[in-house]
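**Q**
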Amino acid sequence: MTGYGKSVLQLPTKKITIELKSLNSKNLDLNARMPSIYREKELTIRKLLADKLVRGKIDFSIYVEATAEDTSTQINTPVVKQYMKQLQEVVNSDDLELLKMAVRFPDALNTVREEIDENEWKTIEKEINTATKDLVNHRLNEGKVLEEDFKKRIHSIENILEQVIAMDPERVEGVRERLKKGVEELREKYDENRFEQELVYYIEKFDITEEKVRLKNHLNYFSESMNSKDSNGKKLGFISQEMGREINTIGSKSNYAPMQQLVVQMKDELEKIKEQLLNVL
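Using UniProt numbering, you'd call the opening residue of the sequence shown number 1 and step up by one each time.
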């Protein structure tokens, strides 16, 4: 499910921006970008996000912007002075020129590795939680829109199914009449009782009572699962597959054009549900 979360933290010497972006994915796929100083906390961040976001292609970023004089690079004064002393013996130049040459040599500058401040990290962790909540709320708002769409389409399939149920006796009678007419056109004498037995056997092969009952149960189960507080995206996907099987079987057994038209309508609504289920956790 798509979503976006952001939090900005202003510290005495820097501004830290935390961003979270989420796209649809069946599993959790987390990509983390952050300054090297925070790399030791990456596993902690991944666990935190996995617990709260569950699924999705997640892009997590920490951006740091210095807002005061704060540098981890310092001049190695004794080394630079030694270089200048040696250069004086080689070239005749003023101190400024010697300094320009000296700072280019190895070890003229010291880079001090920053250590993460635990108090600072606790503050950052709170902001990560804030950004995560922002993303979750974004997902929830999108989920509410999808829920309304699902309810509308499930209700539509239920209505079409009621039309199928109401049409079924007409379909059976139509099959009976077609068969009877076909036999009569052969202009052959036939045993009426044997014909009825064969007709019953034939019609039973095309009976859709079980499919109608199962489809209705699947529709109810889908609605019940939507009301659960748990993440049910995969479960809803499985239920929709079962709904598709029943609808397809009704279509293949119907042998009646008006009913097959209703089946096409149900398939259309179900395909729209399946497309949207890709956005559900």
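Cβ coordinates follow ideal geometry from the N, Cα and C atoms, glycine included.
With DSSP run on the structure shown, which of helix, strand or coil describes residue 57?
**A** Reduced to three states, the DSSP call for residue 57 is strand.
**Q** Can you find the residues in the same chain that come closer than 7 angstroms, C-beta to C-beta, to residue 172, ignoring five residues on each side of it along the sequence?
**A** Excluding residues within five positions, the ones whose Cβ falls inside 7 angstroms are 203.
**Q** Do residue 208 and residue 240 have their CB atoms nearer than 8 angstroms?
**A** For residue 208 and residue 240, no; Cβs fall outside 8 angstroms.
**Q** Which residues does DSSP list as the beta-bridge partners of residue 8?
**A** Answer is 17, bridged to residue 8.
**Q** If you draw a straight line from the C-alpha of residue 40 to the C-alpha of residue 120, how long is it?
**A** Their Cα atoms are separated by approximately 14 angstroms.
**Q** Starting from residue 278, follow the beta strand (DSSP E) in both directions and report where the run begins and ends.
**A** Looking at the DSSP string, residue 278 is not in any beta strand (DSSP E), and its letter there is neither H nor E.
**Q** Along the chain, where does the beta strand (DSSP E) containing residue 32 start, and where does it finish?
**A** Its beta strand (DSSP E) spans residues 28-33.
**Q** Under 7 angstroms: does the beta carbon of residue 244 sit that close to some heavy atom of the ligand FMN?
**A** No copy of the ligand FMN appears in this structure; indeed no ligand is present at all.
**Q** Which residue's Cα is closest to the Cα of residue 77: 4, 218, 106?
**A** The option with the nearest alpha carbon to residue 77 is 106.
**Q** What is the residue span of the alpha helix (DSSP H) that residue 95 lies within?
**A** Where residue 95 is concerned, the enclosing alpha helix (DSSP H) stretches over 95-102.
**Q** Do the stretch 144-163 and the stretch 79-98 make contact, defined as three or more Cβ pairs closer than 8 angstroms?
**A** Not touching, per the Cβ criterion.
**Q** If we call anything under 8 angstroms between Cβ atoms a contact, is residue 270 one with residue 244?
**A** It is a contact, given that the beta carbons lie within the stated cut-off.
**Q** Measure the C-alpha to C-alpha separation of residue 100 and residue 14 and round it to an integer number of angstroms.
**A** Distance between the alpha carbons of residue 100 and residue 14 is about 31 angstroms.
**Q** What do you reckon, are the CB atoms on residue 215 and residue 247 nearer than 8 angstroms?
**A** Yes, the pair counts as a contact, with Cβ atoms nearer than the cut-off.
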